[in-house]
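Q:
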Ligand code: HEM
Ligand SMILES: Nc1ncnc2c1ncn2[C@@H]1O[C@H](COP(=O)(O)OP(=O)(O)OP(=O)(O)O)[C@@H](O)[C@H]1O
Ligand SMILES: Nc1ncnc2c1ncn2[C@@H]1O[C@H](COP(=O)(O)OP(=O)(O)OP(=O)(O)O)[C@@H](O)[C@H]1O
Ligand SMILES: [Mg+2]
Ligand SMILES: [Mg+2]
């Protein structure tokens, strides 16, 4: 599996750099924690209104934190023209794209774990009761966010006002994914197991991931090389 | 006022880069629509809970836009070692920091005005009933975000200080600021004028701004020069 | 030549539209439960369908552009998306008017409605992206990619009423249900109106592409000027 | 020896500015072609096109019969651009290891260490590139470009900020890789060094190819000769 | 003529690596000192310290009697580093206008246009720097450094990727500013060009100052002489 091996070495490189500099990790983690704290102060976190909002709040935060992470993803390749170097190298563009996505995926997972802990403490929610389902939801959704984020991060990498442009393009695409995540997470946060409805959504997430990942692989060359 | 003139030319330069074309306004509009859309799934916007949430959502949007914008603020100076060039130039470091803040400030104000319109239409909020108070709140809070954000940005580009995880410490400082903003904005959104309570918050915001601006000016040299 | 074709199509569409309107209001009876207002369906759904078909045609041209690197396909795709966007907007507006009367609300976050709105947003983003990029080949590449991704959502829009049952009524057209949900006479007009809208859409696209073509000619001339 | 690189009638437009106008150039296998020209002539543009980093509008390009972007072509070529293409936050060794991995060189770490020694960075191998001096970066970039023993080397101003010893080292590298049968295209403004190692020269002016052919003895004696003879404006 | 720049017994440590070891150097007002040394010798480090961009641990530095970071010093100095310090997204003209503003030069736009003409970029003044070739960027960077007529010029490898005509232009600029009474410190590896314009030379090896003094005729005749005589390892 050479392409996959290449993808993983790209991801590995990114993570190595990120853990050294903590550029996007700091920003994303600090941001999401700050937001969660903010809301727990702004509204009574133990009122039941917050409970029906919890899932939405979580995934919004993650979606936003995600933007902070994959914003960096490709702009990290700009200094010293590293992106050009990679494109001229034997590395396959698709591997590069997937590798980036893998990197973003892990960073986002870290952010999510941190925020979930904060969330559990400040909102008194026992989200760990159905670990398997939760892991599934987070995994699928995060991968979706990561792949779409990397694709369009690459696509807009040297665009004016890309900070505002990127969310505009990405979030509409992510909305089906996020709805699914929110629906299922809400169920988990009221400490119920998955029913058929949630499993249906899980399937939707899975299909979404598969479709977008294959599109990304197919279009990698187009997106990256001009 | 030479330092201020310098600060403004820095801000002007930053804005010139972003606002090459009029599309940037559309970008801002589309941005707020996209975020709004996200909210609409996360929380059912027609339940009455939304009205006590409204202020929170508004400021969450602005905080997010802020995070996106000021993360860029100083990293824009990294390619071609522009930051070093500026530091070696006659420009005062404090003017540089303030200039960055001013740039962020205006960009955010634009996003805020546009999103207020969008929110007004979608949620039928009559936010324009107390324009003076609203302007005051937005102005003070946005400046707070801008200045804290610029310091944050400066810290992240300074390798020496980045080691100390200072950025992460800076971030939560936004929480009190935003709580103040949310409290006051909520009052305005249920179409009440300011009472003593809101004026108190306004004062808090003002003090916050003054303290941080003067801190930034005082510490600019230390923060920016290695 | 192209103008003539465009005018002809527009005229044909217009004529057909007049005939349909006559049929709708003077021949067809009111609908049992909804009364007169149901007639909005004759514009609501066809507009949406024309729009969605348009997106898929744009998708094909985007792929063509990517394979051939010929800017003509790119501008064709772009103008089709613009026109389709208009029809999607017609669909949403008529829809929400209908909603106001039948459900008593302008809007609700039902899956069909949302996915339709999301669809509009995505392709609005497509046009924005095009404006933000100056270099023509890069513009073509990136917007083509976005178009391909966007069409995933169009599928969701189409299928959403079959997957999820909530506010928005389910399938009634016989191509989807195998018939029985809609009176044939009614459905005949439905499709005739669809045809009318389609003709008008094509006319609009032709006009739009002509502008694109002229702009392309201009800058190829400029290139020649630079070369010598 | 056949042609390693064939460029025929290539036009490259940026927007509507023609950066390359009808360039036709053949580079024989195993030769070292110095690409000369004033600032803004089109050297980098041509090299980037050869490396498959930017499309061109008209004409045709073949490296050993394959198109620039084809993956086998990329596996065969080593590219060194203006930006040096190494990661500031990784150490020299990590950089080389990473690039060796994605080029799937057989024995990654040996190769990396070998090249660090070759370019004289073995003593600072563990130091992050951020702390390198400019010349040290350039050396690292060279190592990166030579890492996977490419048959086609595209070097854009490789001598930049190298000291005398590093330049000697580079010339040595180039000679060796030519003995390996590699074809080299390099652009530079340091005419003396260029003439010393080039077997062929090509001169570009405003995107037009003015001259291409063997490097003759009198060019070696008087490097600016070419400019004086073959450009419209002559030398300074 | 007094000393424009006084560096006495300066030590600079990066972590615990001494990049400058007890450097003592005086540069007379109106002279042009070429800072020579192998890769990693410490040229950039010294120049950055002079420009007030990095602190040093021991010793003392004065430019016209003031410390490097003092604002009047900064107003007097022009610095050109390895990174060229211009904005990719702004046009050449916008760049110069911006830097003229923050240096509060009297008539901003005239100055900008004047310099664009001087460095031969007037025809591409409105083009974003992103689209410039490397040499064009370097020219712009030079214009940027000379803009506010500093009387201390700190240039780090100013000749990088300049063609013959641009080098002539730069030498002309340097001569003129010396006539203005400006003091120039430049580092480079292009010994010939350096010797041609320098009045003094200083040689650094591993952070130690090996030699500093007038540029003599025989250095001009044989640029590498200095290395052979004054470095432990001699020339390549
Ligand atoms: C803003 C609100 C609405 C939107 C965005 C919307 C969207 C759409 C779209 C995209 C279609 C075409 C796809 C298709 O044919 O399945 C459609 C079809 C249809 N709409 Fe709507 N709609 C809205 C409101 C309504 C309302 C209020 C009604 C009636 C109560 C309605 C009834 C129908 C019917 C009967 C069809 C045909 C379904 C079929 O294909 O068999 N829609 N709508
Ligand atoms: N992205 C771009 N967009 C528009 N024009 C460009 C772009 N890149 C380069 N150019 C133009 O193309 C011409 C050739 O540029 P190129 O970089 O190839 O010159 P060069 O020969 O490498 O010069 P140098 O020796 O200074 O590096 C220049 O006039 C430049 O302005
Ligand atoms: N930020 C840093 N941290 C640690 N060491 C550094 C740092 N910057 C430079 N060095 C080291 O200091 C030494 C001198 O670096 P400097 O950049 O001054 O060399 P130089 O003379 O400019 O070389 P070149 O001619 O290649 O530019 C080098 O060995 C380098 O590794
Ligand atoms: Mg070049
Ligand atoms: Mg140096």
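Chains as they are written, first to last, in the numbering used here: chain A, 4 to 229; chain B, 4 to 229; chain C, 59 to 286; chain D, 3 to 238; chain E, 3 to 238.
From the three backbone atoms N, C-alpha and C, an ideal C-beta is built for every residue, glycine too.
Since the structure is predicted, the reported quantities are computational estimates derived from the model, not experimental observations.
1. In whole angstroms, what is the alpha-carbon distance linking residue 109 of chain C and residue 222 of chain A?
2. Give me the subset of the stretch 93-113 of chain B whose CB atoms are less than 7 Å from a CB atom of chain E, sorted by chain position.
3. Below 8 Å on the Cβ atoms is my guess for residue 21 of chain A versus residue 83 of chain D; work out the distance and round it to an integer in Å.
4. Rounded C-beta distance between residue 170 of chain C and residue 218 of chain C? I'm assuming under 8 Å.
5. Could you check if residue 44 of chain D belongs to the surroundings of ligand 2, using beta carbon to heavy atom distance under 7 Å?
6. Since residue 207 of chain E and residue 39 of chain E are thought to touch, with beta carbons under 8 Å apart, how far apart are those beta carbons, to the nearest angstrom?
7. Measuring straight from C-alpha to C-alpha, what distance separates residue 207 of chain B and residue 183 of chain B?
8. Does the beta carbon of residue 1 of chain E sit closer than 8 Å to a beta carbon anywhere in chain B?
9. Can you find a CB in chain D that lies within less than 8 Å of the CB of residue 206 of chain A?
10. How is the beta strand (DSSP E) around residue 210 of chain E delimited, first residue to last?
11. May I have a chain-ordered list of the alpha helix (DSSP H) segments no shorter than 4 residues that lie completely inside the stretch 165-203 of chain B?
12. So with CB distances below 9 Å, who are the chain B contacts of residue 186 of chain C?
13. Check each candidate in C:98, C:113, C:95, C:70 and name the one with the smallest Cα separation from residue 144 of chain C.
14. Return helix, strand or coil for residue 10 of chain E, following the three-state DSSP convention.
15. Taking 7 Å as the cut-off, does the CB of residue 2 of chain E come closer than this to any heavy atom belonging to ligand 3?
16. Which term fits residue 191 of chain E, buried or exposed, when burial requires 16 or more other beta carbons within 10 angstroms of its beta carbon?
17. Taking 8 Å as the CB-CB limit, is residue 199 of chain C close to chain A?
18. Flag residue 161 of chain B as yes if its beta-carbon sits less than 8 Å from any beta-carbon of chain A, otherwise no.
19. Label residue 120 of chain A either buried or exposed according to how many other C-beta atoms from any shown protein chain fall within 10 Å of its C-beta, with 16 as the threshold for buried.
20. Check residue 237 of chain D in the structure and name its three-state DSSP category.
21. Assign residue 231 of chain E to buried or exposed, taking buried as 16 or more other Cβ atoms, counted over all protein chains shown, within 10 Å of its Cβ.
22. Fully enclosed by the stretch 19-55 of chain E, which beta strand (DSSP E) runs are 3 residues long or longer?
23. Which stretch, first to last residue, makes up the beta strand (DSSP E) that contains residue 79 of chain E?
24. When we look at the beta-carbon of residue 26 of chain D and count the other beta-carbons within 10 Å, is it buried (16 or more) or exposed?
25. Could you tell me which chain D residues have their CB closer than 7 Å to the CB of residue 191 of chain E, listed as they occur along the chain?
26. Please state whether DSSP places residue 63 of chain D in a helix, a strand or coil.
27. Can the beta-carbon of residue 74 of chain B be found less than 8 Å from the beta-carbon of residue 30 of chain A?
28. So residue 187 of chain A contacts chain C; which residues on that side make the cut at Cβ distance below 7 Å?
29. Can we count residue 157 of chain C as close to ligand 1, meaning its CB is less than 7 Å from some heavy atom?
30. Check residue 204 of chain D in the structure and name its three-state DSSP category.
31. What's the call for residue 200 of chain A, buried or exposed, on a 16-neighbour Cβ count within 10 Å?
32. Can we say the stretch 5-16 of chain E touches the stretch 60-70 of chain E, given the rule of at least three CB pairs closer than 8 Å?
33. Using the beta-carbon of each residue, which ones in chain D are nearer than 9 Å to residue 82 of chain A?
34. Which of the three DSSP states, helix, strand or coil, is assigned to residue 84 of chain B?
35. Which same chain residues, not among the five before or five after residue 137 of chain B, have their C-beta less than 7 Å away from its C-beta?
36. Would you mind giving the Cβ-Cβ distance between residue 99 of chain E and residue 142 of chain E, rounded to the nearest angstrom? I have them listed as a contact below 8 Å.
A: Judging by the given coordinates:
1. One alpha carbon belongs to residue 109 of chain C, the other to residue 222 of chain A, and they sit about 25 Å apart.
2. Residues of the stretch 93-113 of chain B that bring their beta carbon within less than 7 Å of a beta carbon in chain E comprise 93, 94, 95, in sequence order.
3. Between residue 83 of chain D and residue 21 of chain A the Cβ distance is about 25 Å, and since that is not below 8 Å, they are no contact.
4. The C-beta distance from residue 170 of chain C to residue 218 of chain C rounds to 5 Å, short enough to fall under 8 Å.
5. When distances are taken from the beta-carbon of residue 44 of chain D to the heavy atoms of ligand 2, the shortest one is below 7 Å.
6. With 8 Å as the limit, residue 207 of chain E and residue 39 of chain E qualify as a contact, their Cβ atoms being about 6 Å apart.
7. Near 8 Å, if we compare the C-alpha coordinates of residue 183 of chain B and residue 207 of chain B.
8. Outside the shown range of chain E (3 to 238) lies residue 1 of chain E, about which nothing can therefore be said.
9. Residue-level contact by beta carbon fails for residue 206 of chain A and chain D, as no gap is shorter than 8 Å.
10. Following the DSSP letters along the chain, one finds residue 210 of chain E inside the beta strand (DSSP E) bounded by residues 210-216.
11. Listed in chain order, they are 169-173, 177-192.
12. 26, 29, 30, 33, listed in chain order.
13. Selected option, being the one with the closest Cα: C:113.
14. DSSP places residue 10 of chain E in strand when its eight states are reduced to three.
15. Summary: the structure shown does not reach residue 2 of chain E, with chain E confined to residues 3 through 238, and so no result is reported for it.
16. Classification for residue 191 of chain E: buried.
17. It does; some Cβ of chain A falls within 8 Å.
18. No, residue 161 of chain B lies away from the interface with chain A (no Cβ there is under 8 Å from its Cβ).
19. Only exposed fits residue 120 of chain A, as fewer than 16 other CB atoms lie within 10 angstroms of its CB.
20. Bear in mind that the predicted position of residue 237 of chain D carries a pLDDT of just 47, short of 50, making it unreliable; the figure below should be weighed with that in mind. Residue state, collapsed to three classes: coil.
21. Per the 10 Å Cβ criterion, exposed.
22. Runs of the beta strand (DSSP E) inside the stretch 19-55 of chain E: 19-30, 34-39.
23. Counting along the chain, the beta strand (DSSP E) containing residue 79 of chain E begins and ends at 79-82.
24. The Cβ neighbour count for residue 26 of chain D, taken over all protein chains shown within 10 Å, is under 16; the residue is labelled exposed.
25. Under the 7 Å cutoff, chain D gives 163, 164, 165.
26. Residue 63 of chain D: strand per DSSP, three-state reduction.
27. Yes, the Cβ-Cβ distance between residue 74 of chain B and residue 30 of chain A is below 8 Å.
28. Correct list: empty, because the minimum Cβ distance to chain C is about 15 Å.
29. Correct: residue 157 of chain C has its Cβ closer than 7 Å to ligand 1.
30. Residue 204 of chain D: strand per DSSP, three-state reduction.
31. By the 10 Å Cβ count, residue 200 of chain A comes out exposed.
32. Touching, per the Cβ criterion.
33. Ordered by position in chain D, the residues that pass the 9 Å Cβ test against residue 82 of chain A are 85, 89, 90.
34. It is helical.
35. Taken in chain order, the residues that qualify are 130, 191.
36. At roughly 12 Å, the Cβ-Cβ gap does not stay under 8 Å, so residue 99 of chain E and residue 142 of chain E are not in contact.
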